[in-house]
Every structure is written in C-alpha cells, then in structure tokens.
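Reading through the structure tokens given below for one structure.
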Amino acid sequence: MSSIDLDVNASRVTPSPFDRWQTIAFGIVLTLVGYSVMVGVPVLTTAWVEQLGFSEPQAGRVAGADLGGLALGSVMSSLVMARWNRRWLAVLGIAIAMLANGLCLVVTAYEPTLWLRVLAGVGSGILTAVGVATLGGSSRPARAFNFMLFAFAFSQAAELKVLPMLSMSGVYTVFLMCFILCLPLLYWIPTAPLPGERRSDAAVAAARRLPGYLPWVCLAAIFFTYVNIGTYWVYIELASLDAGIDADWVGNLLVWVSLGSLVGCLIATVLSNRFGLARPLLVTLLIMTAIVGILTLEINPLHLFISLASFNVLWIFIDVYQMGTVAVIDRSGAFASLMPGAQGLGQIVGPYLAAGMLSAGWGYNAVFALCATAAFLGMLVYLGMYLGVRREVPQLVKDCDSD
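Residue numbers (the working numbering): 2 to 404.
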C-alpha cells in the first residue's frame, strides 16, 4: 500500500461501537424508514392523482417537496451531527415526520399537503442522516452500505406491493407506524461519533494528502444522478398510464423489477472487487443514459419493460459505487450524512423541472430526455474527477480501482 492509505475497510483498527451487529442492523432500519417515501413515490404520485384529485404536475410537485424536505433535513443534520446526541436528533426527526404524516390524514387540499410533505421530508431526512452516518461510522462502511442496499431492494418490493392496496389514509398510517417502531431501536445507535471522526474536513484531507474538493465533487455527481433517478421514479407509472398501458400490468411490473435491485447489488459487488469503483461507475451511467433515453422514442410495453428492468439493476449499481467512492475518499465521515441531502436535492430539482415541462405541454418524452441528460452529466462529472485525480494523485485512482 502506498503512503496514501485508502483501504476503506482498514481505516479504523480499534473496536468500535459502530461495528456491533445491532448497530449496523438498526442503522439500516432507520435509513430504510427515512427513505420510505422515496421508494414509494411511483405509487404515491398515482394515489395523489386518483384519490385526492391532484393534477399530474401537482402530484410531481408534492413528491418533489417531500424529497426536497429530505434533502433539507439531512443537510441540517450534517451541521450538528458531530455535536448533538444522535439519539435525540433521531427522536426529533421521528417527531416531525409523525406530526406531518398525522396531519396529512385530515388535510387533503393541494397547498397544505404540499407544505406538510416538505415537513414530513425534513423529518425523514433527519432520520435518514442519522442512519447513514451510523453506517458510515463502521470500520467497513462500504460493506455496511452494501447491506443497506440489499435490504433496500426488499423494502422497495414490499412497498410497491402493499401501498397500492391501501387508501391514502392507510398509506400515511403505515408511514406513521414505521416511524413509531424506530423509537425503541435508538438504544443501539451510538450517541456521538468516534473521537477521530471529529477532525475538520480540511485536516482529514491534508492528513490523507487528498484534494479537499473531492467529496464535494462526488456530492455534485450524486445530485445529477438523482435528478435522473428522482424524475424517472416519480413519473414512470403516470407516464405508463398516460400511454394507455394496462395499470395492473404496470403495477406488477414495478414490484417484480424492484427485485432486480438484488441482482444489481450482487453484480456490482463482484465487479467492484475486480475492477474497482471508477470504471464500472462510468460505464453504468452511460448505460443508464441509454435505458432512460429509450422512453423518449416511444412509451410502449416493450420499451417500458426494458427500461424498468434495467433501471432497477443500474440504480443500485450506481448507489453501490457512489457510496463506496465517498467512503474511500472521505475519512472523516462528515460527508456520509450529506449523501441523502445530495440525493434529495436532485429529487426535488428533477421532478419540479419535469412538472414545468408537463405544464408547458411538452409531454413525457421531454421528461425522459431530462432524465437521460442528467445521467450523462453525472457521468461527465465523475469522468472529470477521475481524470483530475489521476493527474494530481495518481495512486488514488489505482487504490479506488483496487478497493
């Protein structure tokens, strides 16, 4: 190993409370509950249209508000994560989310719902940030994130199967119950980071002789990739129904292709062990650009099947590589809790841009063109980062590619 120690799984050698199996397991649960609205967005947007009478652009804006709140909550949490008691921070997030979801049971008008979903998103973002920071605090964060993504595939399939069977009030009640069930799990969440994680970002970068901008570049790339992911996931079911594709077939397809995430985790792990993080990520983003772009040509059952099945595999591919990259280049753990913020910001910008396109009458072809453009921009950012790092710190690329 070179003088630049980038072995993410050997970054800490002393026993850590973050390495207890209960802490990792319950950190995963907190993260999944925090991400629950993001996972259920295709079902939620359809329910807001069909059950509450929102227009399709309005449903997109409400979804974007929820996901934007998630970004805001995670960013707010990152500012105090090293100083506040993390259990109480999680309690705050749970309380906010419960309040907002509870009010949504009795408030159904568009404008109040829009702001309540922002509030619900803030609560979810706080809880998600605590969960992600808990996983990032383990001595093997890449492995912890991979476990989380495996669990994510099952939770995604379960939500997409169960939520369409419920009324709008039933959906909000399920979210409420999930947040309540998180409360007893907080006992296993460490209250503060390890002493070594309290160093400033600049000090960590200097100690590792890495450019301090690298984590920020990764977060920028995550933003672009989630403009694509968020927009696609918000509108894919509505676009399918608008194209006249059978609703039951689309619903079943959403459930079954979500299990493709499991395949994505397995393949991504194998490829990263052999080829590292950089090259598979760049290739994956190029393929992602193509499979969302196919819907700009025509939305028909064949194109939808190809696009959805590929999307659910590649989505997890991208997350495995992105989270692994952040874990490799950021030793402080400071940026782990910002990842949901970058994801959520992308997921509010994308759906809001798409809602504007639909309001202007551009149609869903333009929406999926936006998705493809965002995926390609994410690839360009990563490509520039890796080329720049190869010039400035050649060993970093080698170590990333051998992690």
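Even for Gly, the Cβ is constructed at its ideal location relative to N, Cα and C.
C-beta contact flag for residue i and residue j at 8 Å
i    : j    : result
C219 : Q323 : yes
Y383 : L286 : yes
G122 : L71  : yes
L215 : E238 : no
S79  : L346 : no
C183 : V44  : no
S241 : L305 : yes
G61  : V235 : yes
I1   : L263 : Here the chain comprises residues numbered 2 to 404, so residue 1 is not present and cannot be evaluated.
M358 : V350 : no
L68  : Q348 : yes
Same chain only: Cβ atoms within 6 Å of residue i, ignoring 5 sequence neighbours per side
i    : result
N366 : T297
F27  : L186, W189
A222 : G379, V382, Y383
Nearest neighbour of residue i, chosen from the options [CA to CA]
i    : options                : result
G294 : M77, R84, N229, L167   : N229
R144 : F155, L267, M386, L239 : L267
T232 : C372, L150, V264, G137 : C372
S87  : L177, T135, I349       : In the sequence on display, residue 87 carries Arg and not Ser. Per the Cα distances, T135.
D20  : W189, L128, G362, M380 : W189
L33  : W85, W89, L128         : L128
G379 : K162, T290, A98, V108  : T290
V131 : G342, E299, L263       : G342
T46  : G126, A361, Y111, P281 : Y111
V321 : F153, V81, A193        : F153
I317 : V92, C105, V235, L150  : L150
E299 : G245, L106, T326       : G245
R84  : V119, S56, P191        : P191
L177 : V38, A193, W116, D243  : V38
S139 : I25, W250, T326, N313  : I25
S311 : G171, I288, V271, P302 : I288
M386 : W217, N301, L167       : W217
T109 : F146, M77, V63, Q23    : V63
M77  : L120, V107, S56, V50   : L120
Three-state secondary structure assigned by DSSP to residue i
i    : result
E51  : helix
A204 : Residue placement at A204 is poorly supported in this model, since its pLDDT is 41, which falls under 50; the coordinates are not used for a value here.
P18  : helix
L388 : helix
W363 : coil
I300 : coil
T129 : helix
I190 : coil
N229 : helix
M166 : helix
L260 : coil
N86  : coil
S140 : coil
I95  : helix
T109 : coil
Beta-carbon separation (whole angstroms), residue i vs residue j, contact threshold 8 Å
i    : j    : result
S259 : A158 : 4 Å
A248 : P58  : Their Cβ separation, rounded to whole angstroms, is 20 Å, which puts A248 and P58 out of contact at 8 Å.
C105 : Y36  : No, C105 and Y36 are not in contact; Cβ-Cβ is about 18 Å, not under 8 Å.
L90  : V81  : 7 Å
R118 : A66  : 5 Å
7 Å Cβ shell around residue i - same chain, five flanking residues per side excluded
i    : result
M169 : A48, Q52, L53
P113 : none
S156 : L33, V40
L1   : Since the displayed the chain opens at 2 and closes at 404, residue 1 lies outside it and no answer follows.
F225 : G347, A375, L378, G379, V382
D243 : Y365
P165 : V44, G252
Cβ shell of residue i (< 8 Å), same chain only, five flanking positions each side left out
i    : result
L309 : I237, L254, L255, V258
F180 : V34, I95, A98, M99, N102, G124, L128
L161 : V40, G41, P43, V44, G252, L255, V256, S259
V163 : V175
Q23  : W189
I307 : I292, I295
L388 : none
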